[in-house]
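Structure first, then comments.
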Amino acid sequence: MGIEYRVKVALPSREVAQGICRKAGIGGHLNVEGERADFYPAPPSTPSEWAQAVVSIEADGFVVCLLANTNFARQVLGSIVQLAAGEGIVTVEEL
Numbered sequence: 217m218g219i220e221y222r223v224k225v226a227l228p229s230r231e232v233a234q235g236i237c238r239k240a241g242i243g244g245h246l247n248v249e250g251e252r253a254d255f256y257p258a259p260p261s262t263p264s265e266w267a268q269a270v271v272s273i274e275a276d277g278f279v280v281c282l283l284a285n286t287n288f289a290r291q292v293l294g295s296i297v298q299l300a301a302g303e304g305i306v307t308v309e310e311l
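Quick note, the working numbering runs 216 ahead of the 1-based positions in the sequence shown.
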């Protein structure tokens with residue numbers, strides 16, 4: 217599948233978490249559905265094209281799954297961590 221990371225941070229609301237995902241997706245293509253965000257470097261060319269990174273919003277932060285070993289996928293993880301740090305102490309663990 218991919219490599220998963222739990223990014224723990226105290227978020228005040230789901231809206232803040234979704235905003236972090238939207239900001240992390242700048243420069244790529246983002247598809248947000250509820251508590252899941254799929255990140256693509258460009259709009260998918262087919263409906264079956266896999267995202268390079270998937271972020272799930274959870275009660276204690278995010279789970280980031282890197283589905284591709286690309287700079288873009290790693291940038292998504294780094295952006296999520298950096299943006300989440302604006303909300304407080306962040307811990308990251310590989311699952």
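In this text, a Cβ means the ideal position worked out from N, Cα and C, and glycines have one as well. In this text the structure is predicted, and so the values were computed from the model without any measurement.
Ranked by Cα distance from Asn-287, the options Asn-247, Gly-243, Ile-273 are led by Gly-243.
For the pair of segments examined, the stretch 218-230 was found to touch the stretch 272-279: the number of CB pairs separated by less than 8 Å reaches three. Judged by DSSP in its simplified three-state form, Ser-261 adopts coil rather than helix or strand. With a threshold of 16 other beta carbon atoms within 10 Å, Ala-289 meets it and is buried.
Take the alpha-carbon of Glu-310 and the one of Gly-235: they are about 23 Å apart.
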